[in-house]
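*Asks:* One line per chain: the protein sequences are A and B, in this order.
End of the first sequence sits at 650 in our numbering; the numbers just go up one at a time, nothing left out.
End of the second sequence sits at 502 in our numbering; the numbers just go up one at a time, nothing left out.
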Amino acid sequence: MTDITASKSMIPVDDVGAGDKSAGEPQARRGLPHTAQLREYGLVFALALITLFFEYTTGGVLFQPLNLSNLIMQNSYVVVMALGMLLVIVAGHIDLSIGSVVGFVGALAALLMVRFGFDPVSATVACLLAGAVIGGLQGYFVAYLAIPSFIVTLAGMLVFRGLTQALLQGASIGPFPEVFQLLSKGYLVNFAGPGTSVLIALVLAAVLLGLNVRRRQARIRNGGPVDSLASFVFRNGVTTILMLAFAYQMSAYRGLPNVLLVLFVLVMLYRFVTTRTTIGRRIYALGGNIKAARLSGIKTERLTFLTFANMGALAGLAGMIFVARLNTANSKAGIGFELDVIAACFIGGASAAGGIGKVSGVVIGAFIIGIMNNGMSIMGIGVDWQQVIKGAVLLAAVCLDVHNKNNRL
Amino acid sequence: MQPVLEMRGISKTFPGVRALNDVNLSVAAAEIHALVGENGAGKSTLMKVLSGVYPHGSYEGAITYEGRPAHFRDISDSERRGIVIIHQELALVPYLSIAENIFLGNEPARFGVIDQDRVYTRARELMALVGLDESPDTLVTHLGVGKQQLVEIAKALSKKVRLLILDEPTASLSETDSDALLRLLLGFKETGIASILISHKLNEIARVADRITVLRDGTTVETLDCRNAAIDEDRIIRGMVGRTLAHRYPVRAPRIGDTLMEVRDWTVHHPIHADRAVVRNVSFDLRSGEIVGIAGLMGAGRTELAMSIFGRSYGQGISGSVRIAGDAVDVSTIDRAIAAGIAYVTEDRKQLGLVLGEDITKNTTLANLPGVSTGTVIDEESEHRVASDYRTKMRIRSYGVEQQTVNLSGGNQQKVVLSKWLFTQPKVLILDEPTRGIDVGAKYEIYSIINELADGGRGVLVISSEMPELLGLCDRIYVMNEGRFVGEFPRADASQEAIMRAIMRSKDLNG
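1. Would a check of beta-carbon distances place B/G306 closer than 7 Å to chain A?
2. Taking B/R9 as the reference, which of B/V27, B/L37 and B/L(-4) has the closest Cα?
3. Could you please give the first and the last residue of the uninterrupted alpha helix (DSSP H) stretch that includes B/R113?
4. For the beta strand (DSSP E) that contains B/H133, what are its first and last residues?
5. Which whole-angstrom value is the C-beta distance of B/G344 and B/V336, which I expect to be below 8 Å?
6. In the DSSP assignment, the alpha helix (DSSP H) including A/L369 goes from what residue to what residue?
7. Between B/L359 and B/T324, which are expected to be in contact by the criterion C-beta below 8 Å, what is the C-beta distance as a whole number of angstroms?
8. Can you find a C-beta in chain A that's less than 7 Å from the C-beta of B/D446?
9. Could you work out which residues of chain B lie near A/N463, taking near to mean beta carbons separated by less than 9 Å?
10. Buried or exposed: where does A/Q379 fall if 16 or more other Cβ atoms within 10 Å of its Cβ makes it buried?
11. With 7 Å set as the bound, which would you pick, yes or no: does the beta-carbon of A/A594 sit closer than that to a beta-carbon of chain B?
12. Using a 10 Å radius around the Cβ and a threshold of 16 neighbouring Cβ atoms, would you call A/D256 buried or exposed?
13. Report the option in B/D216, B/T250, B/E281 and B/R303 whose CA atom is closest to the CA atom of B/T258.
14. Is the region 176 to 192 of chain B touching the region 207 to 227 of chain B in the sense that three or more CB pairs, one from each, lie closer than 8 Å?
15. Of all Cβ atoms in chain B, is any one closer than 7 Å to the Cβ of A/K599?
16. Can you tell me the Cα-Cα spacing of B/L16 and B/V451, whole angstroms?
17. From the beta carbon of B/V336, is the nearest beta carbon of chain A less than 7 Å away?
18. Check the Cβ of A/G538 against every Cβ in chain B and list those closer than 7 Å, keeping chain order.
19. What does DSSP give as the partner residue(s) for B/Y452 in the beta ladder?
20. Among all the DSSP beta bridges, which residues are the ones paired with B/Y335?
21. Under a CB-based cut-off of 7 Å, is A/N477 close to chain B?
22. Counting only runs of 3+ residues fully inside the region 455 to 493 of chain A, write out the beta strand (DSSP E) ranges in chain order.
23. Quick one: residues in its chain with C-beta nearer than 6 Å to the C-beta of B/G33, no 5 flanking neighbours on either side, listed in chain order?
24. For B/D466, count the other beta carbons within 10 Å of its own beta carbon; 16 or more makes it buried, fewer makes it exposed. Which is it?
25. Where does B/R467 sit, in a helix, a strand or coil, going by DSSP?
26. Taking only beta-carbon positions, decide if B/E393 is within less than 7 Å of chain A.
27. What runs of the alpha helix (DSSP H), each 4 residues or longer, lie entirely inside the region 282 to 362 of chain A?
28. Span of the beta strand (DSSP E) holding A/G589?
29. Spell out whether any CB of chain D is found under 7 Å from the CB atom of A/T481.
30. Quick test of your reading: B/G284 and B/S49, contact by CB under 8 Å. State the CB separation rounded to the nearest angstrom.
31. By alpha-carbon positions, which one of B/V14, B/D276 and B/Y56 ends up nearest to B/V(-5)?
32. For B/L26, does the three-state DSSP call read helix, strand or coil?
33. Grab me the residues of A/T481's own chain with a C-beta within less than 6 Å of its C-beta, minus the 5 sequence neighbours each way, in chain order.
34. Distance, Cα to Cα, B/S293 vs B/E473?
35. What residues from chain B crowd round A/P466, counting only those whose CB sits closer than 7 Å?
36. Can you list, in chain order, the residues of its chain with a C-beta nearer than 6 Å to that of B/T235? Leave out the 5 residues immediately preceding and following it.
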């Protein structure tokens, strides 16, 4: 930040006014990146607060190993779909159909495996493809025919709910092959005895830490923006401790669930895609200013199409995780899921106007929703009031976000 | 005659710019008073002061209206006193009927219930006055621009207008529609309504105006009286452009090389009205190291020409050929145009040029992400290096490349847009109004950058509505009017009078 003074004004006279203006403002704006960071800290803080609140009100049930395990499993499909929804929302759209797609793909999985005897692997591939095709089909209408996504996916919501019912003909189909159930019910093999979970967490934490340190050093080498050392140590320290503590707690039950591995891989993948790849960058540009993006040579239609196809594939995956857990497919599966997923994105800081949102944010948003669902159920709060409270939290989160943004610009 | 409106010593300052400086305007009752001047001379600002868009207190000077000092707080305040302004962009609701539009916000109603009978009878009366014979139920979207203009005027009449202000009313009208409109103004004059007419079409002004006030650089140059002696167009033009260059331009010794870009028989049709040609048979050349200007009035088709060449980002039914360095190139999509070596810097950097929520780095690399990536993975180090290099080279004043572009000043924003396009390694740069809304000091810097680009062997095409800018910057200037190129001047022969004359002459030829 010291190089403001280093840039010399080319012409001495007229320019001074303009130069002073823009050089003077950074004083006030230097805090800007910190505001963005504060926002993220605020989110973590909110998650911590909600967690502690429910830990207290449920008398410690929340953190019990069995409940933690349940929490992950109950919440996994919300996280999976929130990753796809993040891209859709960042691109400036919305997808209301995912609950129905969950039901439809779940039913399809049941038919393939239970009725027609497909093996779990080829059935899984087929179901993911089906999800991608459904998403792509809706994306085609949104991207190439310029029909508002709200309408297209509202239609999709009805169509695929109906098709789910048509596929199942009112029946519930199950049980699924044992191997398939492992997708959401299984646990990683404790190959190293009871300490396996902690060991895995230790390895992952070390890898993450290594990557973060390398990235930070590269940035310092290039004079790029970095947090202060204290904040870096604090953030990574807290992350590492939380991972280890979580793994330790989980090891007291049956270890780490398989689905957690799926989540971890997906979250890392989408974090990478959104922050480090050209396609991710272009989706943000498209959502931030579609005209400027188009005039920069970005194929905005194709990109929009792809975000919807991706959303469909993830909804398909979520559908399979869901039916594997219930071990039966029924025509009610997935009803209302889109609401939790969209809420997770907005609580996590995605902007309804597009262009803004982070993977870390929506994952935290998804866990806020998940812990509220779980905690309120343990407390015995009825579904009626659960909805009221979730609605209020969503509105409050977005109000806070809008307030922050207005203060910033 | 007692003036109905008297504006005295009006000055209006925006941060960094003095838009109006001691302007005087006096309009008599039942007079058609024309207001002329180049783009940016301050006509619109003056009218905004008058109508209360800039409320009393935000400007200096005094306004006397109908014998009383006027302190308008907002538009509705001035409308209550009978001052109605009709903007160039019509403010009609397309899916409401003519009658509904006429009374929008002013509906004859009792206790909130609209009196339909009165709406229709009053609408018919007003429509008859302006010569509209449609049904009052017709949706405005089904009317042509000329008739929409008449609806606006009917709407003004419904507000008991005493002073009608028309901003470029005939800019998008056909000859017959323009005639009808001007006759209407003459008719209003008979009934005692005064009008202020802002127009670039000097032949129309010479025909209907009683007096003409000329603005230049935010000051009143003169008021010409046409009632006794006819004023010809040359006389008006002299008033509009007769100044010495006020701004400074960096000195440059052009090193002009071989022909870089050739455009032949370029024709473009309107994106919605497929039968309307917006650019007609335009051919031009651009040599390496050369800065070529395209002069013309608003709506001449210059932006449409540039955008249609840049990956057909405007219009339909596009025909013609583009060669770069002798080879025919495919410019059918934006990424192909970029690959062919063309860069286009839009006239609207906030809406079309920048992703304002993103930082300088991300905006700089947006049009050439592969340039900082291996495969699809962005190399953050090289991206940061590229952005920092451009920030230094362009002298972008910010606290770092991670500053959001929304917080930059106009000049610095423009430098970010230029950086973005330079990073695509273009051979030809098309700059559309490159200094619009930028203060004088930053303008000089942008001019210097443009000069450096040309000296680096690129071809630069500059579209500008500020003629002094073109004269100060360009080696050669094409004049465009109504979709055609109507003149070409090497630097030595170019002057504001010559350009204006070329535009006016072509208007006469086209009837």
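Where is the CB? At the ideal position from N, CA and C, for every residue including glycine.
Remember, predicted model here, so these are calculated numbers, not experimental data.
*Replies:* By the coordinates alone:
1. no
2. B/L37
3. Q107 to V121
4. Counting along the chain, B/H133 falls outside any beta strand (DSSP E), and DSSP gives it neither H nor E.
5. Correct: roughly 7 Å between the Cβ atoms.
6. Taken as a continuous stretch (DSSP letters only), the alpha helix (DSSP H) holding A/L369 covers P361 to A384.
7. This sequence places Asn at residue 359 of chain B; Leu is not what is there. Not confirmed; about 16 Å, so no contact.
8. No - not a single Cβ of chain A is within 7 Å of the one on B/D446.
9. E371, E372, S373, H375, R376 and S379
10. buried
11. no
12. Residue confidence for A/D256 is low, a pLDDT of 33 falling below 50, so the modelled location carries little weight; the figure read from the coordinates is stated next. Answer is buried; the Cβ neighbour count reaches 16.
13. B/R303
14. no
15. no
16. 40 Å
17. no
18. Within chain B, the C-beta atoms nearer than 7 Å to that of A/G538 come from I325, D326, I329 and A358, in chain order.
19. The identity of residue 452 of chain B in the sequence shown is Leu, whereas the question assumes Tyr. For B/L452, which the question treats as bridged, DSSP gives the partners B/V283 and B/I421.
20. B/I421
21. no
22. none
23. A10, L11, L206 and G209
24. buried
25. strand
26. yes
27. 306 to 331 and 339 to 351
28. Where A/G589 is concerned, there is no enclosing beta strand (DSSP E), given that its DSSP letter is neither H nor E.
29. The displayed structure is made up of protein chains A and B, and chain D is not among them.
30. About 35 Å separates the two Cβ atoms, so there is no contact after all.
31. B/Y56
32. Three-state result, B/L26: strand.
33. A446
34. Checking the sequence, you will find Arg at residue 293 of chain B rather than Ser. Distance between the alpha carbons of B/R293 and B/E473 is about 9 Å.
35. Annotation: Cβ neighbours of A/P466 in chain B (cutoff 7 Å, chain order): G391 and E393.
36. Confidence at B/T235 is low in this model, with a pLDDT of 44, below 50, so its placement is unreliable and the value that follows should be read with caution. So the list is empty, once near-sequence residues are dropped.
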